[in-house]
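> Okay, so the sequence shown: first residue is 1 according to my numbering, each after it adds one.
Positions of the beta carbon are idealized from the N, C-alpha and C atoms, including for glycine.
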Amino acid sequence: MLGGKVIKIEQGKPAGINPFELEADYKGKEKFLNILDKVAEIRALIATICRNYGRTLTGTENTEIEIIVNQLYSEKGITSDVNSLYEKKGGKLDNGKYVVGKIEKKMPTLTDFHNKLVQRGKCKELADILIPFLKGNSLGIFDCESKITSSEDIICFDMSEIKDEFTKLYSSFVILTWVWQKYVLKNREKKKIIVCDEAWLFLKYQESADFLVNVARRRS
1 MLGGKVIKIE
11 QGKPAGINPF
21 ELEADYKGKE
31 KFLNILDKVA
41 EIRALIATIC
51 RNYGRTLTGT
61 ENTEIEIIVN
71 QLYSEKGITS
81 DVNSLYEKKG
91 GKLDNGKYVV
101 GKIEKKMPTL
111 TDFHNKLVQR
121 GKCKELADIL
131 IPFLKGNSLG
141 IFDCESKITS
151 SEDIICFDMS
161 EIKDEFTKLY
171 SSFVILTWVW
181 QKYVLKNREK
191 KKIIVCDEAW
201 LFLKYQESAD
211 FLVNVARRRS
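See below:
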């Protein structure tokens, strides 16, 4: 694509989008990391997954999701402070290069979440449900570190290889959260419009429908 980038979304292949990634939000003119919103996003995503298996989240599962997501960020020293996203000193990157100054911390992944869920031992059925969504499995599309930047003029997410309805919903859900964080929250002085032409997919389950409504009500 001239002046842009195409991201192929395929089953069993990491797409380079991590649903646990955090971006700065705003309270008035002040930047902060909205971990509470991220907890709600992850809970809605997992609840939507469970709906595909004909069940809802139990009270215990809802509680465990909140505890674990908060723990994952806390263990990396990530708080509401935007500066907590970065290491204090430079270091060696995955590509072997060294940098001076701040470098971004690695974010938790779905595998990290699943490992905690198993270790705590309170939600075995939920842990089993999430196995296909882990790296190396058929739906492990988003169990990875984020590799995509938003610097290109045009970014196309190609889901033409995705045939089943639920995988399209799952992919659309994660991509929509990425678009919100990388596109809407940045350059706030510019007005933006997000058009979700697959919105009908979200309406199948209450949790995904509620998520879509909440996104629509947000303000950049």
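1. Is DSSP giving M1 helix, strand or coil here?
2. Have a look at G77, Y73, I78 and V82 and flag the residue whose alpha-carbon is nearest the alpha-carbon of L110.
3. Of the choices I67, L134 and G54, whose alpha-carbon is the least far from that of R43?
4. At the level of alpha carbons, what is the spacing between W200 and R51?
5. Please determine, among S208, C156, L45 and T63, the residue with the shortest C-alpha to C-alpha distance to K5.
6. Which runs of the beta strand (DSSP E) at least 3 residues long sit entirely within the segment 7-75? Give them in chain order.
7. Would you mind reading off the limits of the alpha helix (DSSP H) that contains D128?
8. Spell out the partners DSSP gives D158 in its beta bridges.
9. What separation, rounded to the nearest whole angstrom, lies between the Cα atoms of T60 and E152?
10. Could you please give the first and the last residue of the uninterrupted alpha helix (DSSP H) stretch that includes Y170?
11. Would you say the beta carbon of F32 is closer than 6 angstroms to some non-hydrogen atom of the ligand COA?
12. Nearest CA to the CA of S208: which residue from A15, P19, E41 and G16?
13. Taking DSSP's pairing of strands, which residues face E104 in a bridge?
Inspection of the coordinates gives the following:
1. Reliability of the predicted coordinates at M1 is poor, the pLDDT of 47 falling under 50, and the value obtained from them is presented with this limitation in mind. M1: coil per DSSP, three-state reduction.
2. For L110, the closest alpha carbon among the candidates G77, Y73, I78 and V82 is that of Y73.
3. I67
4. If I take the Cα positions, the gap works out to 16 angstroms.
5. C156
6. 24-27 and 30-33
7. D128 -> alpha helix (DSSP H) spans K124 to L130.
8. Partner(s): K8.
9. 42 angstroms
10. Boundaries of the alpha helix (DSSP H) around Y170: E165 to V179.
11. No copy of the ligand COA appears in this structure; indeed no ligand is present at all.
12. E41
13. Beta-bridge partners assigned by DSSP to E104: Y86.
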